[in-house]
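What follows is a set of notes on a single structure, which appears directly below.
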Amino acid sequence: MLPDIEDAVQVSIEMHVQDISSLNEITSDFEIDILFTQLWHDSALSFSNYNACKRNITMESKFIDLIWTPNTCLINSKNTMIHSSPTDNVMFILYENGTVWINYRMSVKAPCDLDLRTFPFDTQSCVLIFESYSHNSEEVTLRWMNEPITLMKPIQLPDFDMIFFKTNSETMLYPNGYWDQLQVVFSFKRRYGFYILQAYVPTYLTIVVSWVSFCMEPKALPARTTVGVSSLLALTFQFGNILKNLPRVSYVKAMDVWMLGCISFVFASMIELAFVCHITRCDNDSNRSSRNNLMQKLNLFKYKHNGTCNSDRYNTGKCLPICHLTLKFIQFISTASPPWSRRFYLHPETVDKFSIVCFPLTFTLFNRLHFASNIFH
Numbered sequence: 021m022l023p024d025i026e027d028a029v030q031v032s033i034e035m036h037v038q039d040i041s042s043l044n045e046i047t048s049d050f051e052i053d054i055l056f057t058q059l060w061h062d063s064a065l066s067f068s069n070y071n072a073c074k075r076n077i078t079m080e081s082k083f084i085d086l087i088w089t090p091n092t093c094l095i096n097s098k099n100t101m102i103h104s105s106p107t108d109n110v111m112f113i114l115y116e117n118g119t120v121w122i123n124y125r126m127s128v129k130a131p132c133d134l135d136l137r138t139f140p141f142d143t144q145s146c147v148l149i150f151e152s153y154s155h156n157s158e159e160v161t162l163r164w165m166n167e168p169i170t171l172m173k174p175i176q177l178p179d180f181d182m183i184f185f186k187t188n189s190e191t192m193l194y195p196n197g198y199w200d201q202l203q204v205v206f207s208f209k210r211r212y213g214f215y216i217l218q219a220y221v222p223t224y225l226t227i228v229v230s231w232v233s234f235c236m237e238p239k240a241l242p243a244r245t246t247v248g249v250s251s252l253l254a255l256t257f258q259f260g261n262i263l264k265n266l267p268r269v270s271y272v273k274a275m276d277v278w279m280l281g282c283i284s285f286v287f288a289s290m291i292e293l294a295f296v297c298h299i300t301r302c303d304n305d306s307n308r309s310s311r312n313n314l315m316q317k318l319n320l321f322k323y324k325h326n327g328t329c330n331s332d333r334y335n336t337g338k339c340l341p342i343c344h345l346t347l348k349f350i351q352f353i354s355t356a357s358p359p360w361s362r363r364f365y366l367h368p369e370t371v372d373k374f375s376i377v378c379f380p381l382t383f384t385l386f387n388r389l390h391f392a393s394n395i396f397h
């Protein structure tokens, strides 16, 4: 039964963190090993009136079941286990004034509220919530000790660094009244070096390889197509390999923006290839058509003059000057510069030269915006 006092029993709590072993994005939880301590006063257990040899008594954990406890629990944990190696890792100390001190060595799996919008440059928070399961705030009040959280060592995970933690106290309303809650929030900063090597560097190389097609001749269509398609497939494979290790979320992540942006650059290089091939074909068709038209005019002219206009007759002075001049004019047109409608014609080499400058500059700007908006957000 509750200690015989008028006010609520004050239970002081502290926690010593031994280690944090993992933070899992797929299951949105983390695993932590702690030494959990709670302390309260029960005057019924006081033995100060007796001439005892000791001022405190350390007892086995089985005697805890014989006294009143606040039944403090981790209300949001997925799984909690008290270590047994070989016996239960529980320390029970009773002081002469009736103060009860109990310490548990526990492993806890608790949820994390993951926000992956800036992945892989994200910061995540995980919460532990302590609450008396059996007694509301009219019977039991919870409070942190002067130094509520201590660390055995700096916490470093393979993917995260714990950058800070904080504690707070809240009151939660349930149908049976108000319950005191003590919360501790751990914040983790992701180590993004792995993703720089496994995601960003390969995409950089793939993008640069896709630009090699700009240095090839416009007529090298099979080689340029192979480079573009191979780059597109490589980026798609890398994107899928990254996504399989992440939970399915409805919002867009920074990594999604990066990979889709890189795929867009490779796709744009394929569009540039199609455009170059189109104007190359148009140029060839136009030249072929112009050459055929000029040859038809030349043949028609020769036919009208019965083939008498030739260089031999001109050299002998037997050809009319006007006939020879007309023939020379037609021959000049066949080798002259393009008409005014084609003076500003866009050549394939010009498009490639423009692309080999424009694509890297645009990709550099995309890089600056991506990293500035995610690392320094």
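Each residue of the sequence shown is one higher than the one before, starting from 21 at the first, in this note's numbering.
Glycine included, C-beta positions come from ideal geometry on N, C-alpha and C.
- Per DSSP, residue 187 is not a residue of any alpha helix (DSSP H); the beta strand (DSSP E) it occupies stretches across 180-194.
- Between residue 212 and residue 141, the C-beta spacing is below 7 Å.
- The three-state secondary structure of residue 68, taken from DSSP, is coil.
- A direct Cα-to-Cα measurement between residue 144 and residue 251 gives close to 34 Å.
- Annotation note: the stretch 141-185 contains the following uninterrupted beta strand (DSSP E) runs of length 3 or greater, listed N- to C-terminal: 143-152, 160-171.
- In terms of Cα proximity to residue 284, the closest of 179, 226, 262, 266 is 226.
- In this structure, the beta-carbon distance from residue 124 to residue 76 does not fall below 7 Å.
- Across the structure, residue 34 and residue 392 are spaced so that their CA atoms are roughly 40 Å apart.
- A distance of 7 Å or more separates the beta carbons of residue 92 and residue 185.
- For residue 369, the uninterrupted alpha helix (DSSP H) run begins and ends at 368-395, by DSSP.
- Residue 211: not part of any alpha helix (DSSP H); DSSP gives it neither H nor E.
- In this structure, residue 45 keeps its C-beta atom at 7 Å or more from the C-beta atom of residue 129.
- Per DSSP, the beta-bridge partners of residue 53 are 39, 127.
- A direct Cα-to-Cα measurement between residue 102 and residue 62 gives close to 24 Å.
- The beta-bridge partner set that DSSP reports for residue 198 consists of 193.
- Cβ contact annotation for residue 98 (same chain, cutoff 7 Å, sequence separation greater than five): 49, 129, 130, 131, in chain order.
- Residue nearest to residue 376 within the set 233, 202, 66 is 233 (criterion: CA-CA distance).
- DSSP places residue 100 inside the beta strand (DSSP E), whose first and last residues are 99-102.
- In its chain, beyond the 5 residues on either side, 81, 84, 102, 122, 123, 124, 125 have a beta carbon closer than 8 Å to the beta carbon of residue 110.
- Annotated as distal: residue 236 and residue 208, with beta-carbon spacing of 7 Å or more.
- Separation of residue 53 and residue 274 (C-alpha to C-alpha, rounded to the nearest whole angstrom) is 32 Å.
- Residue 192 is positioned such that its CB atom lies no closer than 7 Å to that of residue 203.
- By the neighbour-count criterion, in which 16 or more other beta carbons inside 10 Å mark a residue as buried, residue 176 falls on the exposed side.
- The DSSP-derived three-state label of residue 259 is helix.
- The continuous beta strand (DSSP E) containing residue 115 extends over residues 110-115.
- When the beta-carbon positions are compared, residue 67 and residue 146 stay at least 7 Å from each other.
- Listed as beta-bridge partners of residue 61 by DSSP are 119.
- By the beta-carbon neighbour count (other beta carbons within 10 angstroms, threshold 16), residue 155 is buried.
- Counting only residues of its own chain and dropping the five nearest sequence neighbours on each side, residue 118 has a CB closer than 6 Å to the CB of 61, 62, 63, 65, 66.
- With fewer than 16 other Cβ atoms from the protein chains shown falling within 10 Å of its own Cβ, residue 163 counts as exposed.
- Excluding sequence positions up to five before and after residue 296, its CB lies within less than 7 Å of the CB of 238, 368, 371, 372, all in the same chain and listed in chain order.
- Of the candidates 301, 244, 388, 195, 388 places its Cα closest to the Cα of residue 278.
- Out of 266, 286, 294, the CA that lies nearest to the CA of residue 136 is found in 266.
- Bridge pairing for residue 77: 114 [DSSP].
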